[in-house]
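If you count by numbering that gives the first Met the number 0, then the sequence shown holds residues 0 to 138, one letter each, in order. Presented below is the structure to which this report refers.
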Amino acid sequence: MLCLMLARGCSAVPPALADSEIVYQTIAMEGANQSLEGQSLIAGTLLNRALIRGTKPEVEAMRPKQYSCWNDRNRAKTWLRRHFDSKTRTRAIQALERARNASKWHPTHYHTLQVMPYWARGHKPCVVVGNHAFYEGIK
Numbered sequence: 000m001l002c003l004m005l006a007r008g009c010s011a012v013p014p015a016l017a018d019s020e021i022v023y024q025t026i027a028m029e030g031a032n033q034s035l036e037g038q039s040l041i042a043g044t045l046l047n048r049a050l051i052r053g054t055k056p057e058v059e060a061m062r063p064k065q066y067s068c069w070n071d072r073n074r075a076k077t078w079l080r081r082h083f084d085s086k087t088r089t090r091a092i093q094a095l096e097r098a099r100n101a102s103k104w105h106p107t108h109y110h111t112l113q114v115m116p117y118w119a120r121g122h123k124p125c126v127v128v129g130n131h132a133f134y135e136g137i138k
């Protein structure tokens with residue numbers, strides 16, 4: 000229930016919950032080639048996981064092997080130096096706000112269309128946007 004309230008912009012969730020550079024960077028790196036809609040769904044996974052687990056989105060972003068952009072820290076640093084400018088950051092912030100306020104779906108997991116992770120087997124995506132399939136209700 001809280002997950003759904005967050006994704007719909009429930010005022011009980013303080014806006015500062017996800018205001019972190021790590022969150023913006025995660026959205027930007029994971030969704031670099033995605034539309035704003037795709038980036039907002041990625042942001043939604045961070046918000047929804049944090050709410051379900053009682054943590055913060057930046058904690059969820061840095062969990063080992065959860066967001067592939069952080070699996071190789073040197074590669075992440077290189078990407079950020081080259082691509083994370085004010086325009087990219089602003090777009091990530093917009094995606095985060097969109098996830099807070101206007102998400103139709105409430106995903107906790109996603110993957111690129113080129114892979115089929117073990118956890119996705121037997122589940123149907125709630126939506127496919129760009130190069131990502133998004134899932135609700137994955138434990």
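Quick reminder that beta carbons are idealized off the backbone N, C-alpha and C, glycines included.
Tell me which same chain residues have a C-beta within less than 7 Å of the C-beta of residue i, skipping the five on either side of it?
i	result
H108	T44, W118, Y134 and I137
Q24	L79 and F83
G37	G30, V128, G129 and H131
I92	Y23
With distances taken Cα to Cα, identify the nearest neighbour of residue i among the options.
i	options	result
V127	R120, R88 and W104	W104
N130	S19, I26, E20 and Q33	Q33
N47	R120, N100 and Q113	N100
K64	K86, H110, G53 and P124	H110
Would you kindly check if the distance between the Cβ of residue j and the Cβ of residue i is under 7 Å?
i	j	result
M28	C68	yes
A75	S39	no
A42	I26	yes
In three-state DSSP terms, what is residue i?
i	result
Y134	strand
Y66	coil
V114	coil
H108	strand
In chain order, what residues of the same chain lie with their CB nearer than 8 Å to the CB of residue i, ignoring the 5 residues before and after it?
i	result
R120	none
L112	V127, N130, H131 and A132
By Cβ distance, which residues of its chain are closer than 6 Å to residue i, with the 5 residues on each side in sequence left out?
i	result
S19	E57
P14	Residue placement at P14 is flagged as unreliable, the pLDDT there being 46, under the threshold of 50; a coordinate-derived value is accordingly withheld.
R88	Y23
Is any beta-carbon of chain C found at less than 7 Å from that of residue i?
i	result
T54	Reference to chain C is not applicable here, since this structure consists of a single protein chain.
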